[in-house]
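Inspection log for the structure reproduced underneath, given as structure tokens.
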Amino acid sequence: MAHRWNNTLKRADATPYDTYLNRRQLIGGAMGLGLIGAAGMARSSSSDLEANSYEDITQYNNYYEFG
Numbered sequence: 104m105a106h107r108w109n110n111t112l113k114r115a116d117a118t119p120y121d122t123y124l125n126r127r128q129l130i131g132g133a134m135g136l137g138l139i140g141a142a143g144m145a146r147s148s149s150s151d152l153e154a155n156s157y158e159d160i161t162q163y164n165n166y167y168e169f170g
């Protein structure tokens with residue numbers, strides 16, 4: 104019969120305890136960076152474009168291109 108390998112690792116061996124305790128700070132920092140980036144993108148969007156008229160958006164359809 105083949106020798107079965109026994110796992111001798113513990114959870115503490117995979118992740119150091121201080122890193123385990125600081126995981127929420129790491130996740131919060133990553134979220135903060137994402138929010139800062141999103142705020143910068145929102146400011147850079149241009150609002151000087153005019154909206155299309157109803158005739159422009161209802162006259163042309165490109166359904167034949169999808170099929």
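Quick note: the sequence shown uses this note's numbering, first residue 104, plus one each step. Virtual Cβ for every residue (Gly too), placed ideally from N, Cα, C. Keep in mind that this is a model prediction, so the values were computed, not measured.
Whole angstroms are fine: how far does the CA of residue j sit from the CA of residue i?
| i | j | result |
| --- | --- | --- |
| Tyr-163 | Asp-151 | 24 Å |
| Ile-139 | His-106 | 54 Å |
| Ala-141 | Gly-135 | 10 Å |
| Asp-116 | Glu-153 | 60 Å |
On the DSSP letters alone, give me the boundaries of the alpha helix (DSSP H) that residue i sits inside.
| i | result |
| --- | --- |
| Ala-115 | 114 to 117 |
| Tyr-120 | 120 to 124 |
Is any beta-carbon of chain B found at less than 8 Å from that of residue i?
| i | result |
| --- | --- |
| Arg-126 | Looking at the structure shown, chain B is missing, and only one protein chain is on hand. |
DSSP state of residue i, grouped into three classes?
| i | result |
| --- | --- |
| Ala-105 | coil |
| Thr-161 | helix |
| Ala-154 | coil |
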